[in-house]
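> Residue numbers (our numbering), protein chains in the order written: chain V, 1459 to 1589; chain A, 1459 to 1589; chain P, 1459 to 1589; chain D, 1459 to 1589; chain B, 1459 to 1589; chain W, 1459 to 1589.
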């Protein structure tokens, strides 16, 4: 048995990619990422929840605020790597893992966190980690 | 290899939560839950299906009808527990497990059932059980 | 020529309806309403906007907060009337008209406001008013 | 009586805004715009269509390709103005008006064109012009 | 002021088109049409509704059932014309106009009916008629 | 840890089903399938991607083009079997497995491929295979 709870938010960023495979996306461009953060647990907390939805939403909001309205090409955290949708998924997920540590999001003992970033109506990426 | 088939329906209920973590949701309020029921199988039935989609939809409809247009605070099944989105997922899923028993939904041997309840455009929960 | 800008938010309420036509919805139940507020103008403000999206979102948030997590049957504003999706659309829209008065949302001279409430994945209502 | 046909595509751009009202969006950032182009007619073409959907989709694709994967701050067409969602709607719509002139999209006599740009799951803008 | 109420349903049909402009769609193929039926009124019925949502949904269901799971090329109603998305919109809308006549859908005096058929995630058509 | 990348496209086909359980769907009818193809990997390629999104989209497009605008009842590949949504999921997924072989989609070593076909707003099926 697995329970999960997902909250959605978004961020808007500029960036460019390095590598011929990216074609015109090598130019400086941007994206809206609609972000789904999923928290998993084998059992519910006594309150009947996987996480405190308010704290989970706020944790996600804080992480996305640190990226949103920025040119990711200029961010120290991403020097030397492409800020692909896949990589941004893992970046957000690992920050959520930090936030969840020691019960920081309230709720149950988490068994996993997954993050999906929708880059358009026809493409999205995910990253999932077990805890 | 895993096959799955999902059907969607919805229910509209009133309820309130107990626990300070719920903030204003401790008040009597309500929700529309858009409900996705997923059935999994390792092999398809000879007809090429996981379940008979008509019977699966009807089974889901019946379960949701027993909850919809009600104040869940008054339902004997939920005394002493919070009817969180997570818990309602497991309630619906376990009823579907009952309905699927002994081939009640037609189709293949099921290996799992999952239920997702969308409580808004920015939050949803799931419960998954292996069979 | 007409420009418009729409922002989306949501609220979760309990209520019941009076009238046999409502069938089981005469019982106390509830709904999540995903709310789209649309602002129209014939010309853009010099900044290139219809309204200040931050102020418009905040005005919508404030109106929805005054209804959310409540039993609308107990609200003085709705005594003697059914809080149907249609009527809640007009309630929210007229509050937005108030908020927009005298340029309260920044931006251009508004020519109209429309509000859509989605009560499920298969039903929604709208109300539109000219200014 | 009005008929309409809508096709959807998208573009990914970088830009920044001028004006204190934009807050953090004054920084260089970006957006995915999911773009809906709507064509209206009072009568259908003999083939039963408003426009040739293939030609309409291609016309939209061409316009979006001229903007996508670019920093709009550097584009001559947008010097001195904010490339807000509203303004980009009118830019795309007016290019579609040009493409539709003299029956360039096949189909019926068009009476109007509307363009909606979705900047996220919670905000979108539109521009509508009569022909 | 305009109120509206929309209900969604769907149908699955086979058909083919006549005319070189249709390219490969001249072959026998098919479509799922997700159908949105919108009813408009200037004033609400005393119950607070535009139409009785149950009767409106049933009227739509009946119309779609008369088309669904059929090859429209064989239907007498469509001989000699292309069953384009646009034309099917008007077919469904005119049947709803018939159903609404003499208050057949309950509710307020209707001022208009609109029908949208979504043929895919990237294309849809509409037809709107005043009453 | 699992990364995934999903791209969406669609196809429009005619078909009929054999077996009383299918009811009216035994008639020739059709469907739009909105198709989501998901590629999974444990590690990202040096470029930061799971697959080359351009090549993945093109591979999916090619497979869907071989089915779209056809009557699947006439296709040699499907003689003697029902072309249910479930079975078409596996058909598309296995073709993608072929396309991915020997790095044909660029990117990382794939650990799995999943395909979801949405047949309407209320029903979809999936097939997932490990590599």
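Here a beta-carbon is modelled for each residue, glycine too, at the ideal position from N, C-alpha and C. All values reported here derive from a predicted model rather than from experimental measurement.
Any beta-carbon of chain D closer than 8 angstroms to the one on residue 1518 (chain P)?
Taking the first residue of the third chain as position 1, residue 1518 (chain P) is located at position 60. No, residue 1518 (chain P) does not count as interfacial toward chain D.
> Specify, as a first and last residue, the run of the alpha helix (DSSP H) that residue 1553 (chain V) falls within.
Looking up residue 1553 (chain V) in the first chain gives position 95. Its alpha helix (DSSP H) spans residues 1543 to 1558.
> Whose Cβ in chain W lies nearer than 7 angstroms to the Cβ of residue 1542 (chain V)?
Your numbering for residue 1542 (chain V) matches position 84 in the first chain. Chain W residues near residue 1542 (chain V): 1506 and 1507.
> Cβ of residue 1477 (chain A) less than 8 angstroms from any chain P Cβ?
Taking the second chain and counting its residues from 1, the one referred to as residue 1477 (chain A) is at position 19. False, the Cβ-Cβ gap to chain P never drops below 8 angstroms.
> With DSSP as the reference, label residue 1533 (chain D) as helix, strand or coil.
Counting from one through the fourth chain, the residue named residue 1533 (chain D) turns up at place 75. Here residue 1533 (chain D) sits in coil by DSSP.
> Count the other C-beta atoms from every protein chain shown that fall within 10 angstroms of the C-beta of residue 1553 (chain P), then say buried if there are 16 or more, exposed otherwise.
Within the third chain, numbered from 1, the residue matching residue 1553 (chain P) stands at position 95. It counts as buried.
> Just how far apart, CA to CA, sit residue 1515 (chain V) and residue 1567 (chain V)?
The count along the first chain starts at 1 and reaches residue 1515 (chain V) at position 57. The count along the first chain starts at 1 and reaches residue 1567 (chain V) at position 109. Using only the alpha carbons, I get a separation of about 17 angstroms.
> At the level of alpha carbons, what is the spacing between residue 1491 (chain W) and residue 1572 (chain W)?
For this step, residue 1491 (chain W) is matched to residue 33 along the sixth chain. For this step, residue 1572 (chain W) is matched to residue 114 along the sixth chain. Between residue 1491 (chain W) and residue 1572 (chain W), the C-alpha separation is close to 15 angstroms.
> Mind checking which residues open and close the alpha helix (DSSP H) that includes residue 1518 (chain P)?
The count along the third chain starts at 1 and reaches residue 1518 (chain P) at position 60. From DSSP, the alpha helix (DSSP H) with residue 1518 (chain P) extends over 1511 to 1523.
> With a threshold of 7 angstroms on Cβ separation, who are the neighbours of residue 1502 (chain B) within its own chain once the five nearest residues in sequence on each side are excluded?
Within the fifth chain, the letter at position 44 stands for residue 1502 (chain B). Here the set comprises 1461, 1508 and 1566.
> Helix, strand or coil for residue 1475 (chain W) per DSSP?
Position 17 of the sixth chain holds residue 1475 (chain W). The answer is coil: DSSP assigns residue 1475 (chain W) none of H, G, I, E or B.
> For residue 1470 (chain P), is the classification buried or exposed, using 16 other Cβ atoms within 10 angstroms of its Cβ as the cut-off for buried?
Taking the first residue of the third chain as position 1, residue 1470 (chain P) is located at position 12. Buried, because 16 or more other Cβ atoms sit within 10 Å of the Cβ of residue 1470 (chain P).
> Establish whether the CB of residue 1585 (chain A) and some CB of chain V are separated by less than 8 angstroms.
The count along the second chain starts at 1 and reaches residue 1585 (chain A) at position 127. It does: the Cβ of residue 1585 (chain A) has a partner Cβ on chain V nearer than 8 angstroms.
> Report the neighbours of residue 1490 (chain V) on chain D: residues whose CB is nearer than 7 angstroms to its CB, in chain order.
Taking the first chain and counting its residues from 1, one reaches residue 1490 (chain V) at position 32. Per Cβ cutoff of 7 angstroms: 1489, 1490, 1577 and 1578.
> In the DSSP assignment, find the beta strand (DSSP E) that holds residue 1571 (chain D) and state where it starts and stops.
The residue you call residue 1571 (chain D) lines up with position 113 of the fourth chain. 1568 to 1578 is the extent of the beta strand (DSSP E) around residue 1571 (chain D).
> Give the residues of chain D in contact with residue 1588 (chain P), contact being defined as C-beta atoms less than 8 angstroms apart.
What you label residue 1588 (chain P) is simply residue 130 of the third chain in a count that begins at 1. In chain order: nothing, as chain D lies at least about 15 angstroms away.
> In the DSSP assignment, find the beta strand (DSSP E) that holds residue 1489 (chain B) and state where it starts and stops.
As a working mapping, residue 1489 (chain B) is identified with position 31 in the fifth chain. That run of the beta strand (DSSP E) goes 1487 to 1499.
> Just to confirm my understanding: we take residue 1483 (chain B), look at its own chain, exclude 5 residues before and 5 after, and list those with CB closer than 6 angstroms. What are they?
Here residue 1483 (chain B) is taken as the residue at index 25 of the fifth chain, counted from 1. So the list reads 1475, once near-sequence residues are dropped.
> Between residue 1512 (chain W) and chain V, is the shortest Cβ-Cβ distance under 8 angstroms, so that the two count as touching?
Walking along the sixth chain from the start, residue 1512 (chain W) turns up at place 54. Chain V contact via Cβ: present.
> Does residue 1517 (chain V) pass the burial test, meaning 16 or more other C-beta atoms within 10 Å, or should it be called exposed?
For the purposes of this step, residue 1517 (chain V) is taken as the residue at position 59 of the first chain. Buried, because 16 or more other Cβ atoms sit within 10 Å of the Cβ of residue 1517 (chain V).
> Using a threshold of 8 angstroms, state whether the C-beta atoms of residue 1583 (chain W) and residue 1544 (chain W) are closer than that.
To locate residue 1583 (chain W), count along the sixth chain from 1; it is residue 125. To locate residue 1544 (chain W), count along the sixth chain from 1; it is residue 86. Yes. Within cutoff.
> Does chain B have any CB closer than 8 angstroms to the CB of residue 1545 (chain P)?
Taking the first residue of the third chain as 1, we reach residue 1545 (chain P) at position 87. Cβ-Cβ to chain B under 8 angstroms: yes for residue 1545 (chain P).
> Roughly how many angstroms separate the alpha carbons of residue 1574 (chain V) and residue 1477 (chain P), rounded to a whole number?
Translated into positions along the first chain, residue 1574 (chain V) becomes position 116. Translated into positions along the third chain, residue 1477 (chain P) becomes position 19. Taking the straight line from one Cα to the other gives about 45 angstroms.
> Check whether the Cβ of residue 1559 (chain D) lies closer than 8 angstroms to any Cβ atom in chain V.
For the purposes of this step, residue 1559 (chain D) is taken as residue 101 along the fourth chain, with counting starting at 1. For residue 1559 (chain D), the answer is no, since every Cβ of chain V falls outside 8 angstroms of its Cβ.
> Take residue 1468 (chain B) as the anchor and find which of B:1486, B:1505 and B:1578 has the nearest alpha-carbon.
Here residue 1468 (chain B) corresponds to residue number 10 of the fifth chain, with the count starting at 1. Ranking B:1486, B:1505 and B:1578 by Cα distance to residue 1468 (chain B) puts B:1578 first.
> State the Cα-Cα distance for the pair residue 1513 (chain B) and residue 1472 (chain W), rounded to the nearest angstrom.
Reading the fifth chain from its first residue, position 55 is the one you call residue 1513 (chain B). Reading the sixth chain from its first residue, position 14 is the one you call residue 1472 (chain W). Residue 1513 (chain B) and residue 1472 (chain W): Cα-Cα distance of roughly 31 angstroms.
> If residue 1585 (chain W) and residue 1526 (chain W) are in contact, beta carbons under 8 angstroms, what's the gap, nearest whole angstrom?
Mapped onto the sixth chain, residue 1585 (chain W) falls at position 127. Mapped onto the sixth chain, residue 1526 (chain W) falls at position 68. About 19 angstroms separates the two Cβ atoms, so there is no contact after all.
> Since residue 1461 (chain A) meets chain P, which of its residues come closer than 8 angstroms, beta carbon to beta carbon?
Counted from its first residue, the second chain places residue 1461 (chain A) at position 3. What residue 1461 (chain A) touches in chain P: nothing, since even the nearest Cβ is about 24 angstroms away.
> Within the 8 angstroms Cβ cut-off, does residue 1550 (chain D) reach chain B?
As a working note, residue 1550 (chain D) is residue 92 in the fourth chain. No - not a single Cβ of chain B is within 8 angstroms of the one on residue 1550 (chain D).
> Using CA coordinates, which residue listed in D:1560, D:1464, D:1481 and D:1570 is at the minimum distance from residue 1500 (chain D)?
Against the fourth chain, residue 1500 (chain D) aligns to sequence position 42. That would be D:1570, whose Cα lies nearest to the Cα of residue 1500 (chain D).
> Check each candidate in A:1540, A:1504 and A:1561 and name the one with the smallest Cα separation from residue 1632 (chain W).
In the structure as shown, chain W starts at 1459 and stops at 1589, and residue 1632 (chain W) therefore has no counterpart that could be examined.
> How far does the beta strand (DSSP E) with residue 1583 (chain V) in it reach, from first residue to last?
Here residue 1583 (chain V) corresponds to residue number 125 of the first chain, with the count starting at 1. It spans 1581 to 1588 - the beta strand (DSSP E) in which residue 1583 (chain V) sits, taken as one unbroken run.
> Give me the Cβ distance between residue 1528 (chain B) and residue 1487 (chain W), rounded to the nearest whole Å; I'm assuming they're in contact under 8 angstroms.
By 1-based counting over the fifth chain, the position of residue 1528 (chain B) is 70. By 1-based counting over the sixth chain, the position of residue 1487 (chain W) is 29. Yes, residue 1528 (chain B) and residue 1487 (chain W) are in contact; Cβ-Cβ is about 6 angstroms, under 8 angstroms.
> Between the alpha carbons of residue 1550 (chain W) and residue 1557 (chain P), how many angstroms are there, rounded?
Against the sixth chain, residue 1550 (chain W) aligns to sequence position 92. Against the third chain, residue 1557 (chain P) aligns to sequence position 99. Answer to the nearest angstrom: the Cα atoms are 52 angstroms apart.
> At least one CB of chain W closer than 8 angstroms to the CB of residue 1522 (chain B): is that the case?
Taking the fifth chain and counting its residues from 1, the one referred to as residue 1522 (chain B) is at position 64. Output row for residue 1522 (chain B): interface = no.
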